[in-house]
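Reviewing the structure listed below.
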Amino acid sequence: MTHTLILTIFPVLVTIAAIGDFLTMKIPNWLNVLVGVTFFGAAFYVGMPLEQIGWHVAAGLLVLVVGFGLFAAGYVGGGDAKLLAVAAMWLGMGQLIEFLVIMSLAGGVLAIAMKFWWWIRLETELRGSGWFKSKVKSSIDLPYGVAIAIGALFAFRHSWWLETANTPLIG
């Protein structure tokens with residue numbers, strides 16, 4: 176039971192973040208903090224070696240720096256940058272490349288799908304109103320938490336957590 180709980184906490188939390196971001200375009204700070212805190216709780220509970228915890232924290236810090244650079248440049252929101260960091264902390268250095276590649280691909284597909292949907296909606300709502308069409312912005316906001324969650328869930332399948340799942344947990 177406890178083993179299943181440890182292995183489902185991260186996937187459930189990033190899925191909640193993705194759904195919330197899709198619906199509201201926000202990832203709340205309390206959710207990002209919860210993802211981070213549960214990492215430490217789970218790591219200490221299962222007896223993750225301190226060196227391994229250090230590498231996981233290093234992955235999170237590295238991605239936090241890059242994420243806030245992207246936030247400062249206006250490419251992602253603050254919640255996205257924080258979710259990126261705590262997801263990278265759960266995944267660790269070993270899954271960082273897989274996480275970022277899958278996330279980037281998912282983000283590209285998401286951008287194409289959202290743009291296509293936006294064009295259809297705009298055409299339907301503004302049919303025949305050429306002046307108004309020219310005044311409407313052509314860019315759209317992306318709920319990038321969806322892409323982050325997809326990348327995280329794919330990478331989690333190969334993470335330390337599932338590699339050690341066959342070993343008995345403490346307790």
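Using this note's numbering, read the sequence shown as starting at 176 and increasing by one per residue.
In this text, a Cβ means the ideal position worked out from N, Cα and C, and glycines have one as well.
Kindly indicate which residue of the options has the alpha-carbon position closest to the one of residue i.
i	options	result
Thr190	Trp336, His178, Ile295 and Leu206	Leu206
Asn204	Val261, Ile323 and Leu328	Val261
Phe329	Glu273, Val187, Phe243 and Trp336	Glu273
Gly195	Leu245, Gly283 and Ala322	Ala322
Ile287	Gly211, Pro318 and Met223	Pro318
Gly282	Met264, Leu259 and Gln270	Leu259
Gly320	His178, Ile202 and Trp292	Ile202
Ala327	Phe246, Val240, Met268 and Thr179	Met268
Leu198	Pro186, Asp316, Leu337 and Leu225	Asp316
Trp336	Ala192, His231 and Leu285	His231
Phe214	Ala247, Val241, Pro186 and Ala193	Pro186
Lys257	Gly242, Thr339 and Pro224	Gly242
Looking at the structure shown, is residue i part of a helix, part of a strand, or coil, going by DSSP?
i	result
Lys257	helix
Pro224	coil
Met289	helix
Arg332	coil
Gly241	Checking the sequence, you will find Val at residue 241 rather than Gly. Looking at Val241 - three-state DSSP - the assignment turns out to be helix.
Ile272	helix
Pro374	Look at the range of the chain in this structure, 176 to 346, and you will see that residue 374 is not part of it.
Ile345	A caution first: Ile345 carries a pLDDT of 45, below 50, which makes its placement in the model unreliable, though a value can still be read off. Here Ile345 sits in coil by DSSP.
Leu209	helix
Leu337	helix
Gly249	coil
Met278	helix
Met264	helix
Ile295	helix
Leu198	helix
Leu180	helix
With the cut-off set at 8 Å, would you say residue i and residue j are in Cβ contact?
i	j	result
Ile184	Tyr220	no
Leu188	Val210	yes
Ala234	Leu271	yes
Ala263	Val238	yes
Ile277	Ile228	no
Leu266	Ser334	yes
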